[in-house]
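Everything below concerns the one structure shown next.
Residue numbers (the working numbering): 186 to 275.
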């Protein structure tokens, strides 16, 4: 019983991570969906569900472009802030 519960939770985290990854990727195109929060959720879910997926996501260009600086330094560049503000305004 305990093992099946762990497996179900693992699949839950992986599924939630995949959904948030898709929404974050759509958010690159649509300014109504925020990209960074969905990618943060993806990172968290993949770390809970699968170390392999977590490592894969950290190697993607999407992570490096939109999230790496925020995770490491807890700040966003001025360019990234203006880009977000521009997309939301449009």
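Each residue gets a CB set at the ideal place from its N, CA and C atoms; glycine is no exception.
Bear in mind that the values here come from a model prediction, so they are computed numbers and not experimental data.
(message) Please classify residue 206 as buried or exposed, where buried requires at least 16 neighbouring CB atoms within 10 angstroms.
(response) buried
(message) Can you tell me whether residue 217 is helix, strand or coil according to DSSP?
(response) coil
(message) Would the segment 213-229 count as touching the segment 198-205 if we require 3 or more Cβ pairs under 8 Å?
(response) yes
(request) Output the distance between the C-alpha atoms of residue 191 and residue 221, rounded to the nearest integer angstrom. (result) 28 Å
(message) Rounded to the nearest angstrom, what separates residue 267 and residue 241 at their Cα positions?
(response) 28 Å
(message) Which residue wins for smallest C-alpha separation from residue 237, given the options 247, 253, 214, 199?
(response) 199
(request) Kindly indicate which three-state DSSP category residue 259 falls into: helix, strand or coil? (result) coil
(request) Report buried or exposed for residue 215, applying the criterion of at least 16 other Cβ atoms within 10 angstroms of its Cβ. (result) exposed
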